[in-house]
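A short worksheet on the structure shown next.
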Amino acid sequence: MRAPGPAPCGERRPQGVPPYLGSAWEGAPTGAVLTVSELTARIRQRLEGDLRLRRVWVRGEINSCRRHSSGHLYFTLQDEAATLRCVMFRGAAARLAFTPEDGLEVVAAGRVGVYGPAGTYQLYVEALEPAGLGALFLALEQRRRRLAREGLFDPERKRPLPPFPRCLGVVTSADGAALRDILQVALRRNPRLRVVVAPVPVQGEGAAQAIAAAIARFNRWGGADVLIVGRGGGAREDLWTFNDEIVVRAVASSRIPVVSAVGHEIDVTLCDLAADARAPTPSAAAAMVVPELGPVQARLAELAHRLETAMRRRLERARRRLDELARRPGLRHPAQQLEDRRRRLRQIEGALRRAMAWRLHGERRRLEALAGRLESLSPLAVLRRGYSITRDATGRVLTDAADLRPGHRVEVLLARGRLEAEVRRVDPEGGATAILDGLRPGEDG
171 MRAPGPAPCG ERRPQGVPPY LGSAWEGAPT GAVLTVSELT ARIRQRLEGD
221 LRLRRVWVRG EINSCRRHSS GHLYFTLQDE AATLRCVMFR GAAARLAFTP
271 EDGLEVVAAG RVGVYGPAGT YQLYVEALEP AGLGALFLAL EQRRRRLARE
321 GLFDPERKRP LPPFPRCLGV VTSADGAALR DILQVALRRN PRLRVVVAPV
371 PVQGEGAAQA IAAAIARFNR WGGADVLIVG RGGGAREDLW TFNDEIVVRA
421 VASSRIPVVS AVGHEIDVTL CDLAADARAP TPSAAAAMVV PELGPVQARL
471 AELAHRLETA MRRRLERARR RLDELARRPG LRHPAQQLED RRRRLRQIEG
521 ALRRAMAWRL HGERRRLEAL AGRLESLSPL AVLRRGYSIT RDATGRVLTD
571 AADLRPGHRV EVLLARGRLE AEVRRVDPEG GATAILDGLR PGEDG
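Heads up, the sequence shown is in the numbering used here, so the first residue is 171 and it goes up one at a time.
Printed below as a string of structure tokens:
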């Protein structure tokens with residue numbers, strides 16, 4: 171490979187181009203070499219200067235979607251052949267009515283710009299809407315899933331409606347047909363029913379906050395047995411207030427059972443899912459909550475008759491029992507019965523005293539006999555008959571003369587007193603013939 175030589179005669183190399191580039195600079199315009207920043211700036215100027223790229227609508231599938239802690243939203247739009255980086259700043263992202271997710275096809279509106287640090291072009295998104303499905307309905311589905319995960323729609327948390335409410339609370343528009351329908355049906359079924367109405371707007375700005383506040387006021391008051399929250403039918407957009415999260419949470423957290431009556435049969439709102447019961451129309455809600463007074467009164471009359479019959483039967487049984495008791499002898503002459511009982515008690519008392527005296531006499535005689543036997547067996551009784559007890563110097567009682575030797579000293583116990591003696595002679599064969607020497611009286615035992 172031959173090193174490049176000097177520039178051909180008549181040619182001038184652009185400023186900043188090194189000579190070893192050879193012919194690479196041939197045909198280049200005369201001037202300085204661009205830096206990366208300068209080139210990026212020219213591309214930005216060209217792109218951002220194109221009026222057609224200042225407002226574009228791009229359709230694609232979201233991928234790599236992430237929300238920065240600053241609130242900015244970063245994602246890419248892609249189709250089968252290309253990928254476009256996108257950024258949506260915090261202010262625009264906060265206005266979204268749905269949550270962008272990977273795999274969701276959307277239409278993005280914004281301007282094309284260049285991100286210098288990465289040397290890439292990207293779309294600065296100002297508006298974003300799902301493709302093929304309205305943003306409101308996508309937001310509704312996402313909200314429904316989120317609230318369902320929190321348990322707001324669980325059947326286990328729903329409370330039963332009171333069977334016979336005395337006070338009905340109604341949250342609806344004061345001018346709508348819904349209120350007229352509720353009052354007409356409820357008061358026809360039970361003219362004595364008390365109805366308390368909290369008039370609220372049911373659509374438009376501030377309607378959701380007003381409905382939630384009315385439900386909270388009823389709960390603070392505590393006088394209503396059940397609430398009907400609803401409105402008449404309309405377009406789906408008109409019913410959107412009852413999909414608002416603040417209304418759904420107010421219904422779910424109410425301590426008073428809530429019946430939702432929004433729209434017609436085909437319209438199901440999030441308020442319907444959170445309520446304890448759902449009615450397709452306000453009229454149906456009133457019929458569900460308020461039982462007809464006529465059948466209730468007939469049922470009460472039937473129960474009263476059954477109660478009266480049962481009480482009469484019970485009183486009759488008690489009267490017969492009382493008559494039976496009154497015919498008993500003990501209750502016919504109670505004074506005579508009491509005197510007989512006293513006489514019998516005195517007889518038993520006398521017999522008991524005699525039995526105790528006889529028993530004591532027998533036990534006394536038995537004790538005396540045992541005392542006599544004990545006295546006859548006593549060693550002192552033997553001594554009183556002239557016998558004595560002889561013990562050696564160690565205190566051992568002597569029974570054999572062979573145990574003694576002349577000179578041994580012994581102690582002799584008598585019935586009265588004791589003696590100390592010295593053995594002078596021992597006759598083991600014929601019994602001990604002790605010649606006592608130095609006889610002296612002993613101390614009384």
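No residue lacks a Cβ here, since even glycine has one placed at the ideal position from N, Cα and C.
Beta bridge counterpart(s) of residue 233 as assigned by DSSP: According to DSSP, residue pairing for residue 233 in a beta bridge involves 246.
Ordered list of alpha helix (DSSP H) runs contained in the stretch 466-511, each at least 4 residues: Correct list: 499-502.
Every unbroken alpha helix (DSSP H) inside the stretch 297-323 [4 residues or more]: Taking only runs of at least 4 residues, the alpha helix (DSSP H) segments lying wholly in the stretch 297-323 are 305-319.
Same chain, Cβ closer than 6 Å to residue 351, five either side skipped, listed in chain order: Scanning its chain for C-beta atoms nearer than 6 Å, with the 5 sequence neighbours on each side dropped, one finds around residue 351 the residues 452, 453, in chain order.
Terminal residues of the beta strand (DSSP E) in which residue 430 lies: Annotation: the continuous beta strand (DSSP E) that includes residue 430 extends over 428-432.
Option nearest residue 402 by Cα separation, candidates 318, 237, 371, 423: The option with the nearest alpha carbon to residue 402 is 371.
Alpha-carbon spacing of residue 313 relative to residue 431, whole angstroms: In a straight line, the C-alpha of residue 313 is about 20 Å away from that of residue 431.
Short Cβ contact (8 Å threshold) for residue 466 with residue 441: Contact flag unset, no.
Residue 341, buried or exposed, once every other Cβ within 10 Å from all chains shown has been counted against 16: Buried is the call here.
Coil, strand or helix - residue 390 by DSSP: Per DSSP, reduced to three states, the secondary structure at residue 390 is helical.
Residue closest to residue 222, alpha-carbon to alpha-carbon, out of 266, 279, 241: When each option's Cα is compared against that of residue 222, the closest is 279.
Check whether residue 368 and residue 387 have beta carbons under 8 Å apart: Yes.
Beta-ladder partner(s) of residue 441, from DSSP: Looking at the DSSP output, residue 441 sits in no beta bridge, so it has no partner there.
Contact under 8 Å by Cβ, residue 414 with residue 328: No, these two residues do not count as a Cβ contact at 8 Å.
Strand pairing of residue 227, partner residues [DSSP]: DSSP output for residue 227 lists 279 as bridge partner(s).
Continuous beta strand (DSSP E) stretch holding residue 591: start and end: First-last of the beta strand (DSSP E) with residue 591: 588-592.
First and last residue of the uninterrupted beta strand (DSSP E) at residue 368: Element bounds for residue 368: 364-369.
Backbone CA spacing between residue 498 and residue 526 [nearest angstrom]: Computed Cα separation, rounded: 37 Å.
Distance, residue 505 Cα to residue 511 Cα: Pairing residue 511 with residue 505, the inter-Cα distance amounts to about 10 Å.
Among 575, 344, 480, 216, nearest to residue 400 - alpha-carbon criterion: Considering only 575, 344, 480, 216, the residue with the shortest C-alpha distance to residue 400 is 344.
Beta-ladder partner(s) of residue 261, from DSSP: Answer by DSSP bridge pairing: none, since residue 261 is not bridged.
Local Cβ density within 10 Å of residue 232, reported as buried at 16 or more and exposed below that: Counting other Cβ atoms within 10 Å of its Cβ, residue 232 reaches 16 or more and is therefore classed as buried.
Own chain residues within Cβ distance below 6 Å of residue 455, not counting five before or after: In chain order, 398, 429, 431, 449 place their CB closer than 6 Å to the CB of residue 455, counting only its own chain and leaving out the 5 sequence neighbours on each side.
Whole-angstrom C-beta distance between residue 268 and residue 637, which should lie under 8 Å: Outside the modelled stretch of the chain, which goes from 171 to 615, sits residue 637, for which no answer is possible.
Residues near residue 439 in its chain [Cβ-Cβ closer than 8 Å; skip 5 each side]: Cβ within range, chain order: 409, 412, 413, 430, 432, 433.
Nearest-angstrom Cα separation, counted from residue 393 out to residue 464: Approximately 25 Å, taken between the alpha carbons.
Start-to-end residues for the beta strand (DSSP E) that takes in residue 583: From DSSP, the beta strand (DSSP E) with residue 583 extends over 579-583.
Contact set for residue 240: own chain, Cβ-Cβ below 8 Å, skip 5 residues either direction: Around residue 240: 260.
Residue 516 to residue 539 span [Cα, whole Å]: The alpha-carbon atoms of residue 516 and residue 539 are separated by roughly 35 Å.
When 258, 579, 363, 208 are compared against residue 287, the one with the closest alpha-carbon: Relative to residue 287, the option among 258, 579, 363, 208 whose CA is nearest is 208.
DSSP three-state assignment for residue 215, whether helix, strand or coil: Here residue 215 carries a helix assignment [DSSP, helix/strand/coil].
Helix, strand or coil at residue 221 according to DSSP, with G and I counted as helix: Helix at residue 221.
Beta bridge counterpart(s) of residue 254 as assigned by DSSP: Bridge partners of residue 254: 247.
Residue 581 and residue 575 closer than 8 Å at C-beta: If you check the CB distance, residue 581 and residue 575 do not come in under 8 Å.
Residue 203 (DSSP reduced to helix, strand or coil): In the three-state reduction of the DSSP assignment, residue 203 falls in the coil class, being assigned neither a helical nor a strand state.
According to DSSP, residues forming a beta bridge with residue 339: Its beta-bridge partners are 366, 397.
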